[in-house]
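Here's the structure we're looking at; comments come further down.
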Amino acid sequence: GNSVTQMEGPVTLSEEAFLTINCTYTATGYPSLFWYVQYPGEGLQLLLKATKADDKGSNKGFEATYRKETTSFHLEKGSVQVSDSAVYFCALKTQAGTALIFGKGTTLSVSS
Amino acid sequence: EAGVTQFPSHSVIEKGQTVTLRCDPISGHDNLYWYRRVMGKEIKFLLHFVKESKQDESGMPNNRFLAERTGGTYSTLKVQPAELEDSGVYFCASSQDISYGYTFGSGTRLTVV
């Protein structure tokens, strides 16, 4: 079946460090891929997305590239800030479906 | 525009009691979704409304869960009777056009003791 696997957290970094959160997926066909973020006390917010192979989604300094050959969509940021502390969720939507399929979430904690 | 509103934000109930969660989608959004995150696990799809009709309820865990969307506006999710394993965060999301993505609410944290 369709599924998303993302690295276990928590991830603890110092401000200005490089961030990578790994995400791999299993899906039939050509799914759309997403990263959502949940800041403390808030709802899920779409961070970025990619709808086809080799697309790069980017937003707020975060980037992720849709890699069909490795079925991956790793999230990266060159220099994290304390305000990036949140839970990050990788998700997919199949071509036929309307529901999102999420990974377990990765908690990021950035200290100054 | 106002976002997706969920309430209560937190609810603590005893096993066997009934709880009703409410979601107010963004005005004009025909699509409404319920998701649930049990502690430490994935956020899982529960069901999808298009206006007042249930388009897909394949994720509903059992018949103790009842979702309604009367008039195609707000939606309620009732758990009756609640069990310990129902504890988690329940998210609601809405969209007008799926291709543009979804807007999520802040969630309702349900604790069954």
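Sequence lines, in order, name chains A and B. Using our numbering, the first residue of the first sequence is number 11, and each one after it goes up by one. Using our numbering, the first residue of the second sequence is number 66, and each one after it goes up by one. Beta carbons are placed, not taken as given, at the ideal position from N, Cα and C, and that holds for glycine. As the structure is a prediction and not an experimental result, all values here were calculated from the model.
Proximity below 8 Å, CB of residue i to CB of residue j
i	j	result
Val14 (chain A)	Gln48 (chain A)	no
Val84 (chain B)	Cys157 (chain B)	no
Glu107 (chain B)	Phe112 (chain A)	yes
Tyr40 (chain A)	Thr81 (chain A)	no
Leu102 (chain A)	Asn32 (chain A)	no
Leu240 (chain B)	Thr141 (chain B)	Chain B is shown only over 66 to 178; residue 240 (chain B) falls outside these bounds and no answer can be derived.
Ser95 (chain A)	Leu118 (chain A)	yes
Val177 (chain B)	Asp151 (chain B)	yes
Tyr139 (chain B)	Cys88 (chain B)	yes
Phe72 (chain A)	Leu85 (chain A)	yes
Phe147 (chain B)	Gly105 (chain B)	Checking the displayed sequence, the identity of residue 147 (chain B) turns out to be Ala instead of Phe. It is not a contact, given that the beta carbons lie outside the stated cut-off.
His113 (chain B)	Tyr100 (chain B)	no
Thr30 (chain A)	Ser42 (chain A)	no
Arg129 (chain B)	Val144 (chain B)	yes
Leu58 (chain A)	Ala37 (chain A)	no
Phe110 (chain B)	Leu23 (chain A)	no
Cross-strand partners of residue i (DSSP beta bridge)
i	result
Phe72 (chain A)	A:Asn69 and A:Lys87
Asp89 (chain B)	B:Thr70
Phe114 (chain B)	B:Leu97 and B:Lys119
Lys78 (chain A)	DSSP output for Lys78 (chain A) lists no bridge partner at all.
Thr34 (chain A)	A:Thr15 and A:Ser82
Ala60 (chain A)	A:Leu43
Lys109 (chain B)	B:Arg101
Ser121 (chain A)	A:Ser24
Ser76 (chain B)	B:Leu175
Tyr49 (chain A)	According to DSSP, Tyr49 (chain A) bridges with nothing at all.
Lys103 (chain A)	A:Ser42
Gln82 (chain B)	DSSP, once it has assigned bridges, lists no residue as partnering Gln82 (chain B).
Leu54 (chain A)	A:Gln48
Exposed unless 16 or more other CB atoms sit within 10 angstroms - verdict on residue i
i	result
Thr173 (chain B)	buried
Gly153 (chain B)	buried
Ala67 (chain B)	exposed
Lys116 (chain B)	exposed
Ala106 (chain A)	exposed
Ser171 (chain B)	buried
Val120 (chain A)	buried
Phe28 (chain A)	exposed
Gly115 (chain A)	buried
Lys87 (chain A)	buried
(message) In chain order, what are the residue ranges of uninterrupted beta strand (DSSP E) at least 3 long that sit wholly in the region 119 to 178 of chain B?
(response) Along the region 119 to 178 of chain B, the beta strand (DSSP E) occurs as fully enclosed runs of 3 or more residues at 130 to 133, 140 to 144, 153 to 160 and 173 to 177, listed in sequence order.
(message) Whether or not the region 15 to 26 of chain A and the region 52 to 68 of chain A are in contact is what I'm after, with contact meaning three or more pairs of Cβ atoms, one per stretch, closer than 8 Å; do they touch?
(response) no
(message) Can you confirm whether the region 88 to 99 of chain B touches the region 48 to 57 of chain A when touching is taken to mean that 3 or more C-beta pairs between the two stretches lie within less than 8 Å?
(response) no
(request) Determine, using beta-carbon pairs with one atom in the region 70 to 77 of chain B and one in the region 121 to 135 of chain B, whether at least three such pairs fall under 8 Å. (result) Flag = no, the region 70 to 77 of chain B and the region 121 to 135 of chain B do not touch.
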